[in-house]
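Below is one structure, written out as structure tokens, with a few remarks after it.
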């Protein structure tokens, strides 16, 4: 059976303007790969309702899971929850269980649960809460969309909260070989090997260090044995240029 | 007049698998913002022809410019040029001027221009070459799509090659204020100010350091004077919590 598929939707003007460098994509990609869920696409969109709604609809239809990051805080530019409700045509309001989580959290800190903070308890109808052990305000899963915070520490904690509950597939195993030859010299033999091993994916990622050209050849597949065998073949093909 | 809009298409399994952390998005975002071209969307797709073709068609239709990174080297997994030709329904073949650039480059290095390297001279009909001062193999512009390499040093050099030729808009000016209050306390007054200043965009980006909560409030706009004035208002509103 094929692995479950996934997409990620990153919501945030600050990434598109170059102010902030996204960190969540790389984290999620590694976590999903380890669990056998294939991340097939990532989209980064601005804080505009139509951009968010259109993207989540398209991705939710095309993939088994969608993971979003960003836009679920208390300020006026946090519009993700409303956009999700709108994308799926459901109502949204403050939910008692989410409110109770926030009330307990702010009570412990001696902080007022004011109107702005209460916005973080607005949850679309039919969603399940995602636990946030870092700062309490929950994320939520609505149908096949998992809505999480943009702050990396909170995003990572929320990913940890939901991943064990998702059905994974066969995790992809990968090994790599460093070849100290220009990609143009690697390309021919590599293409032949890739053709001979249709169950594996062979990728070539060039680098340049101190004026010397080389490439990391990465072999990916479900069978660790087949991957290891392909690695041995690469070492043989490229001889002393490979390591 | 509104600024030109842009999208970026990052092509590469290695980013979706978590093996590599993309660096080109952040670079391009900063460059475009400085030039007054608004980056509205980024998509990361896998090395699958249908994924690349569908994404580039959708983005080329929706935005003034599309910038792609990745998949234009000499190996079997470098399929971007063919996908672009297919997306726009044009032919692709080795082009004499691109071939001459490669021949001169490899001649200087005493390296053979073999069949694999010659693939990098395959250019879709009607495209203009993009200069690559780092490693010679050119990118190209086909209609409103700028096709560039994935290796960061080459990507950056290609961006530098084309940006001066693109019509920019009014560059966005931004200033930020650090407010040492929880976002829940910032949200109310910030929403009021955002409402009063419809020509500016006010974003709140929370952080947590040593258990203390705060947020960077970023003001963006075309008028440096208006942005500076808004910053002064924020400093007044949040008093000694702001800096």
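Protein chains in written order, with this note's numbering: chain A, 1 to 243; chain B, 1001 to 1243.
Note that beta-carbon positions come from the ideal geometry of N, C-alpha and C, so glycine has one too.
So, residue 1224(B) versus residue 1234(B), is the Cβ gap smaller than 8 Å? Result no, Cβ atoms of residue 1224(B) and residue 1234(B) do not sit closer than 8 Å.
Suppose the cutoff is 7 Å on Cβ atoms and the five residues either side in sequence are ignored; what does the same chain contact list for residue 1164(B) look like? none
Taking any Cβ of chain A, which residues in the segment 1023-1049 of chain B have a Cβ under 9 Å from it, in chain order? 1023, 1025, 1026, 1027, 1028, 1029, 1030, 1031, 1032, 1033, 1034, 1038, 1039, 1040, 1041, 1042, 1043, 1044, 1045, 1046, 1047 and 1048
Taking all protein chains shown into account, decide if residue 987(B) is buried (16 or more other Cβ within 10 angstroms of its Cβ) or exposed. This structure cannot speak to residue 987(B), because chain B is shown only from 1001 to 1243.
Given 8 Å, three or more beta-carbon pairs between the segment 82-97 of chain A and the segment 1159-1175 of chain B: no
Interface flag, residue 225(A) vs chain B, CB-CB below 8 Å: no
Reduced DSSP secondary structure (H/G/I, E/B, other) of residue 1057(B): helix
Can you check whether the CB of residue 8(A) is closer than 8 Å to the CB of residue 53(A)? no
Under the DSSP definition of a beta bridge, which residues are partnered with residue 238(A)? Note: residue 238(A) sits in no beta bridge, so no partner.
Rounded to whole angstroms, what is the Cα-Cα separation between residue 45(A) and residue 13(A)? Straight-line Cα distance between these residues: approximately 7 Å.
Determine the direct distance from the alpha carbon of residue 1141(B) to that of residue 176(A), and round the result to whole angstroms. 33 Å
Kindly provide the ranges of any alpha helix (DSSP H) runs that are 4 or more residues long and lie completely inside the segment 1021-1089 of chain B, ordered along the chain. 1024-1035, 1049-1062 and 1080-1088
Residues bridged to residue 203(A) by DSSP? The bridge partners DSSP lists for residue 203(A) are 218(A).
When you compare the segment 1214-1222 of chain B with the segment 1177-1190 of chain B, are there three or more beta-carbon pairs, one atom per stretch, that lie closer than 8 Å? Contact holds: three or more Cβ-Cβ distances are below 8 Å.
Thinking just about the alpha-carbon of each residue, which of 50(A), 221(A), 130(A) and 170(A) is nearest to the one in residue 154(A)? 130(A)
Within 10 Å of its beta-carbon, does residue 1201(B) have 16 or more other beta-carbons around it, so buried, or fewer, so exposed? Around the CB of residue 1201(B), 16 or more other CB atoms lie within 10 Å, so the residue is classed as buried.
CB contact below 8 Å: residue 79(A) versus chain B: No, residue 79(A) does not count as interfacial toward chain B.
Within the 8 Å Cβ cut-off, does residue 1123(B) reach chain A? no
Inter-residue spacing [alpha-carbon to alpha-carbon] between residue 1193(B) and residue 1172(B): Taking the straight line joining both Cα atoms gives about 19 Å.
Please check if any C-beta of chain B sits within less than 8 Å of the C-beta of residue 11(A). no
State the beta-bridge partners of residue 950(B) as determined by DSSP. Given that chain B is displayed from residue 1001 to residue 1243, the structure contains no residue 950(B) and the question cannot be resolved.
Quick check on residue 16(A) - is its C-beta less than 8 Å from some C-beta in chain B? yes
For residue 93(A), three-class secondary structure by DSSP: In the three-state reduction of the DSSP assignment, residue 93(A) falls in the strand class.
Which chain A residues are close to residue 1117(B), counting only those with a beta carbon under 9 Å from its beta carbon? Ordered by position in chain A, the residues that pass the 9 Å Cβ test against residue 1117(B) are 182, 183, 184, 185 and 187.
Return the Cβ separation of residue 187(A) and residue 1076(B) in integer angstroms, given the expectation that the two are a contact with Cβ distance under 8 Å. 7 Å
Short-range partners of chain A found in the segment 1151-1173 of chain B, where Cβ spacing is below 8 Å: 1151, 1153 and 1172
Is residue 1050(B) buried or exposed, if buried means 16 or more other CB atoms sit within 10 Å of its CB? The residue is exposed, with fewer than 16 neighbouring Cβ atoms inside 10 Å.
Examine chain A for any beta-carbon lying closer than 8 Å to the beta-carbon of residue 1110(B), and answer yes or no. Residue 1110(B) is outside the set of residues whose beta carbon lies under 8 Å from a beta carbon in chain A.
What are the boundary residues of the beta strand (DSSP E) that residue 1151(B) is part of? Here residue 1151(B) belongs to no beta strand (DSSP E), and DSSP marks it neither H nor E.
Does the beta carbon of residue 1273(B) come closer than 8 Å to any beta carbon on chain A? A question about residue 1273(B) goes unanswered here, because the residues of chain B that appear run from 1001 up to 1243.
In terms of alpha-carbon separation, which member of 60(A), 128(A), 64(A) and 55(A) lies closest to residue 36(A)? 64(A)
Interface flag, residue 1208(B) vs chain A, CB-CB below 8 Å: yes
Beta-carbon neighbours of residue 218(A), restricted to chain B and to distances below 8 Å: 1014 and 1019
Give the DSSP bridge partners of residue 244(A), in chain order. Examination of residue 244(A) is not possible in this model, given that chain A is present from 1 through 243 alone.
What is the residue span of the beta strand (DSSP E) that residue 1014(B) lies within? First-last for residue 1014(B): 1013-1016, but that is the alpha helix (DSSP H), not the beta strand (DSSP E).
Cβ of residue 76(A) less than 8 Å from any chain C Cβ? Among the chains of the structure shown, chain C does not appear; the protein chains present are A and B.
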